[in-house]
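For what it's worth, our numbering labels the leading residue of the sequence shown as 74, then goes sequentially. Encoded as structure tokens, the structure appears first; notes follow it.
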Amino acid sequence: MTDLLNGLVDALGCDSIEKSKENPNEIEAEGVEYSLSKVTIAGRIAHARKPFWMYREVDPLNCAYLLRAFAGLSGIEDTLDCLGRTEKVIQYWRGRFGQKIWNIIKARCEKMLGEHLPTSELHVAAKYVVTHFTELTYYLKHP
Numbered sequence: 074m075t076d077l078l079n080g081l082v083d084a085l086g087c088d089s090i091e092k093s094k095e096n097p098n099e100i101e102a103e104g105v106e107y108s109l110s111k112v113t114i115a116g117r118i119a120h121a122r123k124p125f126w127m128y129r130e131v132d133p134l135n136c137a138y139l140l141r142a143f144a145g146l147s148g149i150e151d152t153l154d155c156l157g158r159t160e161k162v163i164q165y166w167r168g169r170f171g172q173k174i175w176n177i178i179k180a181r182c183e184k185m186l187g188e189h190l191p192t193s194e195l196h197v198a199a200k201y202v203v204t205h206f207t208e209l210t211y212y213l214k215h216p
């Protein structure tokens with residue numbers, strides 16, 4: 074939550090921001106209230122992908138599998154650049170292919186949770202994907 078609030082400080086251009094004492098779903102910035110229900114938190118794919126690259130020598134098979142899947146997502150975005158990023162094209166490619174790839178990524182990460190100790194970096198990385206799946210895939214339906 075602290076990272077979100079710090080990001081909002083930058084975005085709103087205010088000096089400070091804090092949660093409302095009266096309503097935990099609202100924040101106050103320089104006396105102006107903003108509802109957190111209007112703030113959408115989207116995940117960053119780089120945060121999900123990076124640990125699988127960094128620790129690929131620990132579990133080469135699973136990491137290579139996931140890195141290929143992330144490359145597939147990148148390929149979809151390259152295709153969108155070539156075809157033109159109209160809403161119809163984006164929804165087709167992300168909806169038809171992107172969602173399937175993300176489901177594969179999530180399934181492999183769920184498998185890895187049982188294969189790695191909870192203290193290992195790969196377990197933490199897999200848990201990040203599973204826990205933040207909705208945020209990571211938000212862009213698929215919201216171009």
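For glycine and all other residues, C-beta sits at the position ideal for the given N, C-alpha and C.
| Asked | Found |
| --- | --- |
| I'd like to know if the segment 128-139 and the segment 154-173 are in contact, where contact means that at least 3 CB-CB pairs between them fall below 8 Å. | no |
| With distances taken between CB atoms, is the gap from residue 175 to residue 207 smaller than 8 Å? | no |
| Let me check understanding here. Comparing Cα to Cα, which of 156, 120, 138, 150 lies closest to residue 184? | 138 |
| Which word fits residue 215, buried or exposed, when buried means at least 16 other C-beta atoms lie within 10 angstroms of its C-beta? | exposed |
| How long is the line joining the alpha carbons of residue 197 and residue 149, rounded to whole angstroms? | 27 Å |
| On the DSSP letters alone, give me the boundaries of the alpha helix (DSSP H) that residue 148 sits inside. | 133-156 |
| State the Cα-Cα distance for the pair residue 199 and residue 173, rounded to the nearest angstrom. | 17 Å |
| Which value, in whole angstroms, describes the spacing of the CA atoms of residue 147 and residue 121? | 13 Å |
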